[in-house]
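S.K.: Provided herewith is a single structure, encoded as structure tokens, for subsequent inquiry.
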Amino acid sequence: MQTAKTSSHRRYITGIDGLRTLAVLGVIAYHLLPAALPGGFLGVPIFFGLTGYLVTDSFLNLINKGTSLAVNHFYKRRIQRLYPALVAMLALTSTYITLFARNLLVGLRGTIVTNLLYVYNWFEINHGQSYFDRFNGESPFTHLWTLSIEGQFYLFWPFIIWGLVKLFKRRSRVAGALMVGAVISALLMAVLFKDANQVNRVYYGTDTRAFSILMGAALAAVWPANHLNANLHADGRRLLNWVGGISLLVMFILYWVMTGTSTFTYRGGMFLFSIFATAMIAVIVHPGASWNKWLTNPVFNWVGKRSYGIYLYQFPVMIFYEQRVVNIAQHTVLNALAELVLILLLAELSYRFIEQPIAHGRFTSWWATVRAPKTWRQYPREVITSTVLVLASLITMVGYAQATPRKKPPVDAVTKHIKAAGKQTDKKNREVAAQKGAFDASEKATVQTNQKANKQLSAQQKKLAKAFDLQPATMLSAQHISLTAVGDSVLVDNADSLQQVFGHAYADAKVGRQVWEAPSVIQSLKKRHLLASTVLINLGTNSPLTQTQIDAVLKAVGPKRKVFWVNTMVPTKTWQNQVNDLIALNAKRSKQVYLVDWYGASHDQPSWFGPDHVHPNPQGSVAYTRLVTNTVVQKSISPKK
Numbered sequence: 001m002q003t004a005k006t007s008s009h010r011r012y013i014t015g016i017d018g019l020r021t022l023a024v025l026g027v028i029a030y031h032l033l034p035a036a037l038p039g040g041f042l043g044v045p046i047f048f049g050l051t052g053y054l055v056t057d058s059f060l061n062l063i064n065k066g067t068s069l070a071v072n073h074f075y076k077r078r079i080q081r082l083y084p085a086l087v088a089m090l091a092l093t094s095t096y097i098t099l100f101a102r103n104l105l106v107g108l109r110g111t112i113v114t115n116l117l118y119v120y121n122w123f124e125i126n127h128g129q130s131y132f133d134r135f136n137g138e139s140p141f142t143h144l145w146t147l148s149i150e151g152q153f154y155l156f157w158p159f160i161i162w163g164l165v166k167l168f169k170r171r172s173r174v175a176g177a178l179m180v181g182a183v184i185s186a187l188l189m190a191v192l193f194k195d196a197n198q199v200n201r202v203y204y205g206t207d208t209r210a211f212s213i214l215m216g217a218a219l220a221a222v223w224p225a226n227h228l229n230a231n232l233h234a235d236g237r238r239l240l241n242w243v244g245g246i247s248l249l250v251m252f253i254l255y256w257v258m259t260g261t262s263t264f265t266y267r268g269g270m271f272l273f274s275i276f277a278t279a280m281i282a283v284i285v286h287p288g289a290s291w292n293k294w295l296t297n298p299v300f301n302w303v304g305k306r307s308y309g310i311y312l313y314q315f316p317v318m319i320f321y322e323q324r325v326v327n328i329a330q331h332t333v334l335n336a337l338a339e340l341v342l343i344l345l346l347a348e349l350s351y352r353f354i355e356q357p358i359a360h361g362r363f364t365s366w367w368a369t370v371r372a373p374k375t376w377r378q379y380p381r382e383v384i385t386s387t388v389l390v391l392a393s394l395i396t397m398v399g400y401a402q403a404t405p406r407k408k409p410p411v412d413a414v415t416k417h418i419k420a421a422g423k424q425t426d427k428k429n430r431e432v433a434a435q436k437g438a439f440d441a442s443e444k445a446t447v448q449t450n451q452k453a454n455k456q457l458s459a460q461q462k463k464l465a466k467a468f469d470l471q472p473a474t475m476l477s478a479q480h481i482s483l484t485a486v487g488d489s490v491l492v493d494n495a496d497s498l499q500q501v502f503g504h505a506y507a508d509a510k511v512g513r514q515v516w517e518a519p520s521v522i523q524s525l526k527k528r529h530l531l532a533s534t535v536l537i538n539l540g541t542n543s544p545l546t547q548t549q550i551d552a553v554l555k556a557v558g559p560k561r562k563v564f565w566v567n568t569m570v571p572t573k574t575w576q577n578q579v580n581d582l583i584a585l586n587a588k589r590s591k592q593v594y595l596v597d598w599y600g601a602s603h604d605q606p607s608w609f610g611p612d613h614v615h616p617n618p619q620g621s622v623a624y625t626r627l628v629t630n631t632v633v634q635k636s637i638s639p640k641k
């Protein structure tokens with residue numbers, strides 16, 4: 001009987017390794033190929049659900065036996081399992097930042113301290129950027145918020161579950177209380193979610209993300225792994241297998257259709273996903289079902305055992321790699337594979353040199369080994385690891401001392417230029433906004449010969465035409481067109497030039513702006529009578545686009561206005577081509593949308609860009625303005641039929 005139980009236990013553990021594999025690969029795929037798997041971030045609720053189930057199942061078994069919860073032993077095992085690898089990752093990543101990526105020193109002190117204290121998720125709420133902002137100074141530590149929530153769970157859960165058992169006595173009532181808590185957590189997420197621009201509070205909050213853990217814990221109360229019957233009737237086995245299949249299918253569908261910025265995600269979608277993830281856990285741990293066997297294979301077992309290291313090193317590898325490799329967008333799959341190999345390699349090194357030695361207690365006599373060089377040959381793995389980590393820790397201390405608070409980031413040349421351009425644009429916007437009714441009329445480009453147009457241009461306009469290499473007729477036509485531009489930092493960089501060329505131009509641009517912010521911005525401009533009949537959109541730099549998001553922008557603009565959408569030149573990100581293909585598709589099938597092909601004009605012109613290969617320098621800004629002006633004028637004179 002004991003042998004059968006042990007065998008069943010081993011099988012469900014290996015099946016869980018398979019589920020961990022699906023979760024961690026989903027999260028990695030979301031970051032490596034975000035356009036292909038927009039819901040990959042949903043791998044996190046799977047991790048939370050597994051944590052809630054496994055820890056609660058273990059505690060309830062001890063309570064049922066009437067034995068001590070051995071809280072000190074539990075803490076020791078959790079620290080021994082999780083803390084060393086986390087500390088090593090923090091030290092190694094901080095070392096790289098100190099030596100090779102000093103622009104990321106901003107906020108390093110707070111990041112290290114809050115991670116060591118397992119409160120980093122709350123630090124991110126107040127000091128971090130959105131988890132879904134993949135361009136504007138993304139941190140290699142952002143993903144560690146999940147470990148802080150798990151650390152908080154480990155700290156308090158022994159006492160909470162003991163109290164619930166004492167209060168409610170029966171497991172079913174404990175499960176009910178936990179599910180009530182899960183519903184309250186999900187409701188908090190729904191209520192606190194305001195819009196896609198303010199997701200940090202609900203995405204990183206312990207209270208708003210607890211429902212996945214609580215659902216896993218509730219399952220443990222009514223579905224104890226050691227008391228499930230392996231000898232199921234054929235109908236029972238078939239039912240469990242169907243439940244598992246349907247749950248996995250729904251999870252994959254949600255991976256493909258949900259996004260991290262949609263209202264549905266935070267008002268029921270993530271909770272729905274957690275329900276099916278919990279059902280999948282229930283099926284896998286049941287020895288009478290087949291899913292534990294189906295999810296057991298050498299590859300899944302290998303990845304599952306190293307899932308912690310894979311999760312730890314995914315962000316540092318991706319961010320550091322993307323800083324060094326410029327042409328990622330042109331070889332998306334190849335670069336994604338290269339990053340994946342590096343992540344797996346670091347996870348393997350972490351597993352072999354840190355996680356496993358510590359799990360087997362080999363570092364307990366580390367200091368004695370260091371003091372006795374004669375014994376070094378007996379412990380080469382420990383000596384090498386210790387030496388590397390000591391050096392990394394020393395360099396980290398240097399970086400820690402040199403780090404600046406996140407609220408005062410260092411200003412590079414690109415940032416200075418964008419800031420100065422933004423001030424100039426704001427000044428021009430105030431002048432344009434003061435001209436009542438400037439955007440109410442329907443403007444139209446004039447058709448003139450260059451010779452005739454040149455006579456009508458003022459000296460200043462002739463100077464501008466020469467500066468931007470515009471034909472006199474084009475310059476004259478642009479002076480008769482009112483333009484409203486909405487965009488991100490690329491538009492901030494170029495808005496001043498556009499405002500010089502066009503007769504009336506209002507630019508609402510912001511560094512880091514995402515496409516989902518645009519509808520509310522456009523509605524605001526419309527209410528203030530600042531939305532011209534010609535609208536320029538420059539969005540897509542900071543994240544992938546979806547058709548739903550584009551439809552929302554067009555709906556906000558309205559059907560009677562022309563929309564000129566500038567495609568993107570962001571070679572360091574995987575979504576460049578996806579964004580450009582989607583913009584081109586909309587321009588092709590819609591009479592309202594026109595493509596401004598900035599990528600086509602600039603991708604072979606590296607001299608047009610600053611060090612980040614994204615923001616135009618003065619030469620590139622001239623080219624950008626010339627392209628936008630020529631496109632808008634040409635399409636205004638000869639609109640689509």
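Sequential numbering from 1 applies to the sequence shown in the UniProt record's numbering. We treat Cβ as the ideally placed atom computed from N, Cα and C, and that holds for glycine.
#1: Since G221 is in the alpha helix (DSSP H), which residue starts that stretch and which ends it?
#2: With F273 and M251 assumed to form a contact (beta carbons below 8 Å), what rounded beta-carbon distance in angstroms separates them?
#3: Determine the DSSP secondary structure at W565, reduced to helix, strand or coil.
#4: In terms of DSSP beta bridges, what is H331 paired with?
#5: Label S636 either buried or exposed according to how many other C-beta atoms from any shown protein chain fall within 10 Å of its C-beta, with 16 as the threshold for buried.
#6: Is the beta carbon of S212 less than 7 Å from the beta carbon of G49?
#7: Once the 5 residues before and after R20 are set aside, which same chain residues still bring their CB inside 6 Å of it?
#8: Report yes if the C-beta distance between V596 and V563 is below 7 Å; otherwise report no.
#9: In the structure shown, what three-state DSSP assignment does A196 receive?
#10: In chain order, what residues of the same chain lie with their CB nearer than 7 Å to the CB of D207, ignoring the 5 residues before and after it?
#11: Could you tell me which residues DSSP puts in a beta bridge with F609?
#12: Is the separation between the beta-carbon of D17 and that of A225 shorter than 7 Å?
#13: For the 8 Å Cβ check, are there 3 or more pairs between the region 124-138 and the region 423-437?
#14: Taking C-beta to C-beta, are Q578 and V570 nearer than 7 Å?
#15: Please state if the CB of T278 and the CB of L219 are separated by a distance shorter than 7 Å.
#16: Along the chain, where does the alpha helix (DSSP H) containing V553 start, and where does it finish?
#17: Does DSSP put A101 in a helix, a strand or coil?
#18: With DSSP collapsed to three states, give me the class of V326.
#19: Could you tell me the alpha carbon to alpha carbon distance between S458 and T534, rounded to whole angstroms?
#20: Here's the rule: buried if 16 or more other CB atoms are within 10 angstroms of the residue's CB, otherwise exposed. What is K641?
#21: Return the Cβ separation of A403 and V106 in integer angstroms, given the expectation that the two are a contact with Cβ distance under 8 Å.
#22: Can you name, in chain order, every residue of its own chain whose Cβ lies under 7 Å from the Cβ of Q549, other than the five neighbours on each side?
#23: Could you have a look at residue 642 and say whether DSSP puts it in helix, strand or coil?
#24: Alpha carbon to alpha carbon, how far is L530 from A467?
#25: What are the boundary residues of the beta strand (DSSP E) that G487 is part of?
#26: Work out the CA separation of S130 and P410 for me, nearest whole Å.
#27: Go ahead and pull the three-state DSSP assignment for Y118.
#28: Closer than 6 Å by C-beta to A217: which residues in its own chain qualify, once you throw out the five before and the five after it? Chain order, please.
#29: What does the alpha-carbon distance come out to for the pair residue 647 and L344?
#30: What's the gap between the Cα of N586 and the Cα of D488?
#31: Going by the beta-carbon positions, is the gap between G26 and G43 smaller than 7 Å?
M.R.: In this structure, then:
#1: Sequence check: residue 221 is Ala here, not Gly. From DSSP, the alpha helix (DSSP H) with A221 extends over T206 to V222.
#2: Rounded to whole angstroms, the Cβ separation of F273 and M251 is 6 Å, and the two are in contact under 8 Å.
#3: Correct three-state label for W565: strand.
#4: In DSSP, H331 forms no bridge with anything.
#5: Counting of Cβ neighbours within 10 angstroms places S636 among the buried residues, the total reaching 16 or more.
#6: Contact: yes.
#7: Spatial neighbours of R20 in its own chain (CB-CB distance under 6 Å, excluding positions within 5 residues in sequence) are listed in chain order as G304 and S307.
#8: No, the Cβ-Cβ distance between V596 and V563 is not below 7 Å.
#9: Correct three-state label for A196: coil.
#10: S185 and L188, listed in sequence order.
#11: Partner(s): P616.
#12: Result no, Cβ atoms of D17 and A225 do not sit closer than 7 Å.
#13: Contact between the region 124-138 and the region 423-437 is absent, because fewer than three Cβ pairs lie under 8 Å.
#14: No.
#15: Result yes, Cβ atoms of L219 and T278 sit closer than 7 Å.
#16: DSSP places V553 inside the alpha helix (DSSP H), whose first and last residues are Q547 to V557.
#17: In the structure shown, A101 sits in coil (DSSP, three-state: anything other than H, G, I, E or B).
#18: Here V326 sits in coil by DSSP.
#19: Rounded to whole angstroms, S458 to T534 spans 24 Å at the Cα level.
#20: It is exposed - the Cβ of K641 has fewer than 16 other Cβ atoms within 10 Å.
#21: Confirmed, about 7 Å.
#22: So the list reads V515 and W516, once near-sequence residues are dropped.
#23: Because residue 642 is not part of the residues shown, which for the chain are 1 to 641, the question remains open.
#24: Spanning the two alpha carbons is a distance of roughly 28 Å.
#25: Counting along the chain, the beta strand (DSSP E) containing G487 begins and ends at S482 to G487.
#26: Annotation note: pLDDT 45 at P410 (below 50); position unreliable, coordinate value reported separately. P410 and S130 have their C-alpha atoms spaced approximately 20 Å apart.
#27: For Y118, the secondary structure class from DSSP, reduced to helix, strand or coil, is coil.
#28: Closer than 6 Å at Cβ, skipping near neighbours: G52, T56 and L178.
#29: There is simply no residue 647 to check, as the chain begins at 1 and stops at 641 in what is shown.
#30: Taking the straight line joining both Cα atoms gives about 20 Å.
#31: Contact flag set, yes.
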